[in-house]
Amino acid sequence: MRPAPLLRTLALLVVMCLGAVGPAFAQGLDAGLERFKADSFGDTEAGIAAVAASAAPQGVAILEALADRRLFAGPAGVFYRDKAGQGFDARTGQPATVPADAGMVRLNNRLRNAVQAALGSMTLLSPDPAQRFRAAEAVFRSRDASALATIEAALPKETVPRVRRAFEEARAAIILSTPDAPEAGRIAAAQRIAEAGDSDAISLLRQFSGQTSGGLKAVIDQGIATIEQAQRIRAWAQTLWFGISLGSVLLLAAIGLAITFGVMGVINMAHGEMVMIGAYVTFVVQELFRAHAPHLLDWSLPLAIPLAFATAGLVGVAIERGVIRFLYGRPLETLLATFGISLVLQQAIRTWFGPTNREVSAPSYMAGSFEFIGLQITYGRLWIVLFTLCVFALLLLILKATPLGLQMRAVTQNRRMASAMGIRTRFVDAMTFGLGSGIAGIAGVALSQIDNVSPNLGQSYIIDSFMVVVFGGVGNLWGTLVAAFTLGIANKMLEPFAGAVLGKIIILVLLILFIQKRPRGLFALKGRAIEQ
Amino acid sequence: MITARFIRLMEGRGLLFLAIVAAVGVLIPACNLLIPPGSPLHISTGTMVLIGKYLCYAMFAIALDLVWGYCGILSLGHGAFFALGGYAMGMYLMRQIGSRGVYGNPILPDFMVFLNYKELPITWWGFQHFPYAMLMVLLVPGLLAFVFGWLAFRSRVTGVYLSIITQAMTYALWLSFFRNDMGFGGNNGLTDFKDILGFNVQAQGTRAGLFVATCVALILTFVIARLIVASTYGKVLVSIRDAESRTRFLGYRVEHHKLLVWVVSAMMAGVAGALYVPQVGIINPSEFHPANSIEAVVWVAIGGRGTLVGAALGAVVVNYLKTIFTSGWLAAYWLFALGGLFVLVTLAMPKGLIGVWEDVRSRLKSRKAVADSKAASGQAPT
Amino acid sequence: MSTVTQSILYLDGVSVSFDGFKALRSLSLTLEPGEMRAIIGPNGAGKTTMMDVITGKTRCDEGDVLFDKGSVDLTRFDEAAIAEIGIGRKFQKPTVFESHTVADNVLLALKGDRGPFSALFGARNRIAAETIDRYLTIVRLIDHRARLAGDLSHGQKQWLEIAMLLAQDPKLLLIDEPVAGMTDAETEATADLLKEINKDHSVIVVEHDMGFVRALGCRVTCLHEGSVLAEGSIDAVAGNERVVEVYLGR
């Protein structure tokens, strides 16, 4: 172990003193490479130091290859392969064929450490900020005291804030884990680590909580408590986010029902199948793009939205004109007839597309995730939440600010009066039902991203959707919004304790009890007319 | 005197129904047991079991018609009561297996051994005794119906709201019974039964016995239902169906009346489920699926609700069609047919098959009357 | 409480609002035992809401609703309990049980135990036809006893409902627009019938037909915007300036 820090300091000194003078390094590199040919551990050690000191661009690659048994030396020179197996000449860094007579440069454990240390220093000083950041994180975890000097030297020059923080944390980690460092320094280090606040920081602090005493221990324990508190808050926030995400899915599924059931009072058991139709439209559009315009595949989803709206909306209008209009004022019969329609639609889809799940891929902008104040947020979910809110806002706008919305409200409040005032009530009925169905279709586009596109897609949402609308109070869009998010969040809050299925059962039972208590939902309309 | 009163209470239709069920209950087991398999009059055990299944459904439909047809409570969760009765019977049958299971545990059913249960859960205690199990067949659905109904009717949850929460109820049970922790066999349910009351459930004689028991239970169910609807209580139920608020203003505690018929109906459904299970040989969570309950509502609608006989008729007709459709090349069209029936019945024949039959009969009668009067006037000098 | 009032019905300061709309504003009204009272007033004056409050359909936001010399606080009971206490109601729109026969409608209304078991096994199945026929005779529907109530004419339904009300034998009858849609002869007969009923019962009648109200010959209360505008004899009320202005018209 002893020579390693020495070597590294040496390498560092060379690197720092000779900053920008290129040719001298070429010589240093050549000399170092020569020593690999000797195939003795002593020479190899010197070679490592020389390569590290040379600061040649391919130096990192050479040492990584050495650590991974991909460095070969022979009479013709020194060569390495990258991870894909491509050969390079170590002198020039240019692609080359590795000669057959070149032998692998061997390492023992001591040399392996030396390579890692050299690599750590080199990457800490790498011109690439991302690499510096990774190196600093590696040091934070390894707490290799030998890297301290490099960090100390690199810190004042570091300009990228993120990397600078990582350096500071790495330095603090090293200082904290050096028992003979001054107490004040270690306290400051512990505070600095506590500020970092992530799970690495808390495990480090926990590790030292037992080994220390006095003021330092107090600071460490304080730090642990702070981080734990922060983690609890973050866990809550994460649950909340999951809840909002689930809530937006519920809202999306229920929002069309809030129109057909909530505004018109029609029990549409085929509502779930409207969602399913929307999902299949998405599938078909995507398949068409895949076949004819693969480079525009990312556009298939936005294009599917209006098509899904139109398709589901037309099916809805057909159902209203063909069946439901004969059953106004007979809600229980409507329920049965629309359930029959839902069976027919499911079977139709099963006949055309087969009973198995269909694949709808996510466009590139919906893939992946990002971190936001410590929360993992996937783009797909974020898009769905935003999309849901947009649909909701749009619907609200249609109902409140368009002539159709005005007529819809007029017809639902007093059909005969509306008719007497020249509103074509039948047309409005069909349009309202079409709107509700079309919105269910749009929901299908979004749900195709998070659920299996199968003939059963609709069934899995229908009961939840009714629960949301009834819970929120029939005829009240805002109630539906609040209900969806309340149920979503409550469900996710219960899941850690009860598990997904039991959580859902508990929610259902609570909902049943709630409806007993307030039969007309959270935001019930009051008045004499309503009680009839 | 009593007989005359009984005949009046059953109505003509009801008497015909009872006679048919009684005849079926005697003839089919006789044709199965006494006539040798080669004869054209022989009825195979499979057919008998199938008809037995239909009769259980008919019982279930009568229970549903009692609440929907007469009291206007459209339950979309009645399958839950049927399934609970079935599970109670299934638990008795599981306990009868004893040490003949795969794992040979004399107390624990196989699935419990498999799931590392150390002892029998409290819910299973006593189910080795037939009378206790039969009591549970009535009590478990009855109790659930009582609690659910007490809450729902007291807070005046009516119409589609009630339908939706009954659906939520069976949905919650459906999810629950899938869970292994519930201790009811999870996904696989209860099956591989051996004995009932010491007789082999697979034996032809036992199956004939179960068939006869089903017919007797169906007759009893019908008679009880008919007595209920023919009494003043039945009139109160119809009043509630047609004008709930008015009934309340007359001083009737609507919630109590609804609760009684609701609980009675749930118990009937439980008995139907209990007779169903030993005949089909399995009970699993799929019986709780909300779609089953809605399908049963359609049997009632197709037969003609508020007629009892119609409900039973609808159950048999639809399930017979289902048997035809789901075997062979028609299978892919069954859901089209069933869905189409839903729509057709609600749009074109709101009174169901019985209603259509009565329309035809009254039309024939009036035509005959017209013809008679024409004949009479034809004789008169012009 | 018994000292509060000697009235059969005592409303004091009753207010009801629906989503901000005040249907009743501090309404006060008393009815003496055996009295008949006619309530008039324009649409939206709160007549039906007042009946809803008395019969327990609507809860009042504030105020006292006392029955039977102040011994019963009606706000604490629901519809069924209030009907049992002895208040019967005929609705504006005649509501009879259309799929029952005329006789069965009266049978269901008859005073007695209304529990489900009583209806299933008990007394209600052994009621003599004569009891039912007595009420049907009063309202002259005896010839229609076996018909379905749904097949009756509008006026006959009104009378059937009155027969049901009588069968309930309440202490107080609330009758909402009994002569709407009736011929003049029927209206006259109804007025006589109500006067007959009033011999043993307290009655509140809501009616728009001023001729009918005059024929009843009782005290009149005019409601307007949820409170009492005028009260007194028919001539006094009909001559009241404000009543003429808001209701009768000039």
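Residue numbers (the working numbering), protein chains in the order written: chain A, 302 to 833; chain B, 2 to 383; chain C, 105 to 354.
Just so it is clear, CB atoms sit at the ideal spot from N, CA and C, and this is done for glycine as well.
Check, Outcome
"Beta-carbon gap between I568 (chain A) and T639 (chain A) smaller than 9 Å", "yes"
"Cβ-Cβ distance between V783 (chain A) and F815 (chain A) below 9 Å", "no"
"Cα-Cα separation between V118 (chain C) and E335 (chain C), rounded to whole angstroms", "17 Å"
"Best match in B:V217, B:L191, B:F18, B:M49 for proximity to Y321 (chain B) [C-alpha to C-alpha]", "B:M49"
"For Y172 (chain B) and L420 (chain A), believed in contact at Cβ under 8 Å, the rounded distance", "With a Cβ gap of about 59 Å, L420 (chain A) and Y172 (chain B) do not count as contacting."
"Closer than 8 Å: F185 (chain B) CB and nearest the ligand MN heavy atom", "In the structure shown, the ligand MN is absent, as is every other ligand, since no ligand is present at all."
"Three-state class that DSSP yields for M140 (chain C) in the structure shown", "strand"
"Interface flag, S156 (chain B) vs chain A, CB-CB below 9 Å", "yes"
"Under 9 Å between C-beta atoms of S76 (chain B) and L163 (chain B)", "yes"
"4 or more residues per run - each alpha helix (DSSP H) lying fully within the region 428-464 of chain A", "430-443, 449-455"
"Buried versus exposed call for M317 (chain A) [16 or more other C-beta atoms within 10 Å across all chains shown]", "The pLDDT assigned to M317 (chain A) is 46, lower than 50, so where the model puts this residue is not dependable, and the model offers no usable value."
"Three-state class that DSSP yields for N188 (chain B) in the structure shown", "helix"
"Rounded distance between the beta-carbons of F316 (chain C) and T287 (chain C), thought under 8 Å", "T287 (chain C) to F316 (chain C), Cβ: 12 Å. No contact."
"Cβ pair W263 (chain B), A146 (chain B) closer than 9 Å", "yes"
"Residue nearest to E234 (chain C) in terms of C-alpha spacing, selected from C:A207, C:L256, C:A295, C:S175", "C:A207"
"Nearest-angstrom Cα separation, counted from M268 (chain B) out to L140 (chain B)", "7 Å"
"G192 (chain C) - containing beta strand (DSSP E), residue span", "191-194"
"Under the three-state DSSP convention, the category E634 (chain A) falls into", "helix"
"Rounded separation between S422 (chain A) and Q677 (chain A) - CA only", "31 Å"
"H305 (chain C) at chain B interface by Cβ criterion, 9 Å", "no"
"Contact under 9 Å by Cβ, A134 (chain B) with Y93 (chain B)", "yes"
"Every unbroken beta strand (DSSP E) within the region 261-325 of chain C, with a cutoff of 3 residues, ordered by chain", "276-280, 306-310"
"For D237 (chain C), three-class secondary structure by DSSP", "helix"
"W537 (chain A), buried or exposed, once every other Cβ within 10 Å from all chains shown has been counted against 16", "exposed"
"Beta-carbon proximity of L198 (chain B) to F128 (chain B), cut-off 9 Å", "no"
"Candidates A:A559, A:L598, A:D344, A:G669, of which the one nearest G776 (chain A) by Cα", "A:A559"
"Where L342 (chain B) meets chain A, residues with beta-carbon distance less than 9 Å", "G641"
"First through last residue of the alpha helix (DSSP H) which encompasses G143 (chain B)", "131-155"
"CA-to-CA distance, D296 (chain C) to A149 (chain C), given in whole angstroms", "27 Å"
"Proximity to L633 (chain A) [Cα-Cα], best of B:V346, B:A376, B:R9, B:V148", "B:V346"
"Proximity test, Cβ basis, 9 Å: A1 (chain B) and chain A", "Here chain B covers residues 2 to 383 and nothing more, so residue 1 (chain B) does not appear."
"Near-chain B residues of the region 625-637 of chain A - C-beta to any C-beta below 9 Å", "F627, L628, R631, P632, L633, E634, T635, L636, L637"
"Buried/exposed call for L345 (chain A), threshold 16 Cβ in 10 Å", "Here residue 345 (chain A) is Thr; the residue named in the question, Leu, does not match the sequence. T345 (chain A) is buried by the Cβ-count criterion."
"Contact under 9 Å by Cβ, I355 (chain B) with R9 (chain B)", "no"
"C-alpha gap between L178 (chain C) and D172 (chain C), whole angstroms", "10 Å"
"Cβ shell of A471 (chain A) (< 7 Å), same chain only, five flanking positions each side left out", "A437, V440, F441, I452"
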